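What follows is a short report on a single structure.
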Amino acid sequence: MTLLNSYFGNFGGMYVPQILIPALYQLEDAFVSSQKDKNFLMKIKYLLKNYAGRPTPLTLCKNITKGTNTKIYLKREDLLHGGAHKTNQVIGQALLAVRMKKKEIIAETGAGQHGVATAMICSLLNLKCRIYMGKKDIQRQNLNVLRMKLMGAKIIPVSTGTQTLKDACNEALRDWSGSYEKSHYMIGTVAGPHPYPTIVKEYQKIIGKETKQQILDQEGIFPNLIIACVGGGSNAIGIFSNFIKNEQVNLIGVEPAGKGIDTGKHGAPLQNEKIGIYFGMKSAIMQNQEGQIQESWSISSGLDFPSIGPEHVFLKKNNRVKYVSITDDEAINAFVTLCKKEGIIPALESSHAIAYAIKIMNKNTKKKQIIIVNLSGRGDKDLITVENFLKNKRKLK
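Rendered as structure tokens:
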């Protein structure tokens with residue numbers, strides 16, 4: 477029997493081998509008790525401020541909106557220590573691991589952002605760290621692999637399946653099944669078996685909390701739109717969470733359309749709405765006609781995942797969040813635009829959300845509106861990918 481509700485409507489749950497149930501109960505118990513422990517909560521608050529560098533700023537983009545009545549603000553999670561929103565939640569999970577007297581951390585990573593954040597906090601708290609990463613992602617994200625190694629993490633290449641995040645998740649879960657008594661599996665997003673979606677959401681709420689106060693300080697009103705990219709969906713849940721009850725604020729999640737939804741080469745499970753069991757949860761999953769997990773695709777390795785956190789499915793079913801998609805081409809164009817016009821290099825993940833904000837702005841340039849985009853990470857890790865893409869398109873000389 478769980479202490480917290482393990483479902484978001486009909487989605488979520490705890491679909492894992494029996495051997496992992498005690499470990500998940502232990503984690504839930506540690507999380508619930510920690511929420512009543514003032515000293516524990518103070519440790520998180522201290523590290524968020526003095527190690528991670530919170531609060532992150534809310535930056536107005538004055539150049540890309542020139543000639544329109546739209547204001548676009550960026551919530552600058554790219555400026556968080558480690559370069560992405562991932563740092564928020566690894567602090568909480570690492571302190572939970574210490575609370576459970578576990579000295580080893582297992583993690584998986586796609587773009588490397590969660591891996592870097594995990595390696596950072598393990599170094600700080602003297603925890604052993606091993607990180608599973610698909611071979612394809614290791615090639616795409618060499619810079620982050622080097623950062624993880626420098627901070628003492630052991631990188632375990634995954635050569636099965638598509639050699640991406642999906643396969644890294646499977647291998648990490650398999651490792652945890654045999655080592656849970658001494659290790660904690662630090663899932664990087666609001667996906668996986670209960671209680672992970674609830675725990676990760678709790679630690680990412682800080683993004684929405686800060687955003688609400690900052691936009692009220694700068695504009696005195698709520699924004700019309702908040703837009704965030706969605707792979708597993710942690711940065712989106714983080715910024716949406718404090719606005720879900722404010723129904724005048726439209727919330728938009730942007731999935732990767734890859735080479736186009738119609739091509740099947742995408743990572744947008746909510747566009748098909750097929751529900752199934754995967755990675756310990758009941759959620760939307762990309763499936764072929766035989767019901768097998770379908771390979772996902774995105775130029776952004778952090779969004780290259782065939783499923784999504786269960787709360788996003790719930791929010792879509794209840795029409796509180798609208799989910800759209802952006803292609804690789806559109807994301808790259810937004811990446812280049814933000815670099816050239818605002819002097820900010822966004823992560824390819826975040827570029828999907830920026831692309832949709834620009835699309836909304838250009839649809840009606842006279843409309844007076846305030847849009848906030850969660851800039852979930854910085855893009856130095858993606859420079860080689862972007863360079864190769866533009867060379868192939870002959871757009872870079």
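For the sequence shown, my numbering begins at 477 and goes up steadily by one.
Here a beta-carbon is modelled for each residue, glycine too, at the ideal position from N, C-alpha and C.
Note that the structure is predicted; figures quoted are calculated from it, not measured.
Identify every residue that forms a DSSP beta bridge with residue 704.
Looking at the DSSP assignment, residue 704 forms a beta bridge with 729.
What three-state label does DSSP hand residue 698 in the structure shown?
Coil, per DSSP.
Would you decide whether residue 657 is buried or exposed? Buried here means 16 or more other CB atoms lie within 10 Å of its CB.
Exposed, because fewer than 16 other Cβ atoms sit within 10 Å of the Cβ of residue 657.
For residue 636, count the other beta carbons within 10 Å of its own beta carbon; 16 or more makes it buried, fewer makes it exposed. Which is it?
Exposed is the call here.
Please go through the same chain and pick out, in chain order, the residues whose beta-carbon is closer than 7 Å to the beta-carbon of residue 579, but skip the five residues on each side of it.
So the qualifying residues of the chain are 603, 604, 658.
Could you tell me which of 768, 667, 709, 811 sits nearest to residue 821, measuring between CA atoms?
Per the Cα distances, 811.
Since residue 616 sits in a beta bridge, which residues does DSSP pair it with?
In the DSSP output, where bridge partners are listed per residue, residue 616 has none listed.
Hey, out of 640, 600, 594, 568, whose CA is closest to residue 615's CA?
Checked all of 640, 600, 594, 568; the closest Cα to residue 615 is 640.
Is residue 491 helix, strand or coil when you go by DSSP?
Correct three-state label for residue 491: coil.
Only counting the same chain, and skipping five residues up and downstream in sequence, which positions put a Cβ closer than 6 Å to that of residue 710?
The answer, listed in chain order, is 665, 666, 676, 680.
State yes or no: is the C-beta of residue 799 within less than 8 Å of the C-beta of residue 746?
The answer is yes: Cβ separation under 8 Å.
Alpha helix (DSSP H) containing residue 525: first to last residue?
Premise fails: residue 525 is in no alpha helix (DSSP H) and is neither H nor E.
In the region 752-794, which residue ranges form an unbroken beta strand (DSSP E) of at least 3 residues, counting only runs that do not cross its ends?
Entirely contained in the region 752-794, the beta strand (DSSP E) runs reaching 3 residues are, in chain order, 757-760.
Could you tell me whether the Cβ atoms of residue 841 and residue 543 are closer together than 8 Å?
Cβ atoms of residue 841 and residue 543: closer than 8 Å.
Kindly give me the distance between the Cβ atoms of residue 541 and residue 762, rounded to whole angstroms, as I take these residues to be in contact under 8 Å.
Rounded, the Cβ-Cβ distance is 35 Å, inconsistent with contact.
Bridge partners for residue 605 per DSSP, in chain order?
Bridge partners of residue 605: 581.
How far does the alpha helix (DSSP H) with residue 710 in it reach, from first residue to last?
It spans 710-716 - the alpha helix (DSSP H) in which residue 710 sits, taken as one unbroken run.
Answer yes or no: do residue 750 and residue 786 have a C-beta to C-beta separation smaller than 8 Å?
No.
Are at least three pairs of beta-carbons, each pair with one atom in the region 512-529 and one in the region 490-504, less than 8 Å apart?
Touching, no, given that fewer than three Cβ pairs across the two stretches are closer than 8 Å.
When the Cα of residue 694 is compared with those of 627, 808, 533, which residue comes out closest?
Out of 627, 808, 533, 533 has the C-alpha closest to the C-alpha of residue 694.
Taking three-plus beta-carbon pairs below 8 Å as touching, is the region 701-709 in contact with the region 843-850?
Yes: at least three Cβ pairs fall under 8 Å.
Between the alpha carbons of residue 874 and residue 854, how many angstroms are there, rounded?
Residue 874 lies beyond the residue range present for the chain, which begins at 477 and ends at 873; the question has no answer from this structure.
Would the C-beta of residue 570 count as close to the ligand SAH, meaning under 7 Å from any of its heavy atoms?
The model on display carries no ligand, and the ligand SAH is accordingly not part of it.
On a Cα-Cα basis, can you pick out the residue from 716, 725, 684 that is closest to residue 697?
Ranking the options by Cα distance to residue 697, first place goes to 725.
Figure out for me which residue from 582, 844, 788 has the closest Cα to the Cα of residue 663.
Nearest C-alpha to residue 663: 582.
Does residue 863 pass the burial test, meaning 16 or more other C-beta atoms within 10 Å, or should it be called exposed?
Residue 863 should be labelled exposed.
Mind checking which residues open and close the alpha helix (DSSP H) that includes residue 747?
It spans 745-748 - the alpha helix (DSSP H) in which residue 747 sits, taken as one unbroken run.
Grouping DSSP H, G and I as helix and E and B as strand, with all else coil, what is residue 659?
DSSP places residue 659 in strand when its eight states are reduced to three.
Distance check for residue 612 and residue 753, CA to CA, integer angstroms please.
Spanning the two alpha carbons is a distance of roughly 25 Å.
Only counting runs of 3 or more residues, tell me where the beta strand (DSSP E) segments fall wholly within the region 817-860, in order along the chain.
The qualifying runs are 845-851.
Given this structure, state the Cα-to-Cα distance separating residue 729 from residue 712, to the nearest angstrom.
Between residue 729 and residue 712, the C-alpha separation is close to 7 Å.
Count the CB pairs spanning the region 586-603 and the region 544-564 that are closer than 8 Å, and state whether there are at least three.
Flag = yes, the region 586-603 and the region 544-564 touch.
Tell me whether the beta-carbon of residue 491 lies closer than 8 Å to the beta-carbon of residue 669.
Yes; because the gap between Cβ atoms is below 8 Å, this pair is in contact.
Of the residues 529, 775, 585, which one's Cα is nearest the Cα of residue 564?
Taking only the C-alpha atoms, the option nearest residue 564 is 529.
Quick check: the Cα distance between residue 733 and residue 526, rounded to an integer number of angstroms?
Approximately 38 Å between the Cα atoms of the pair.
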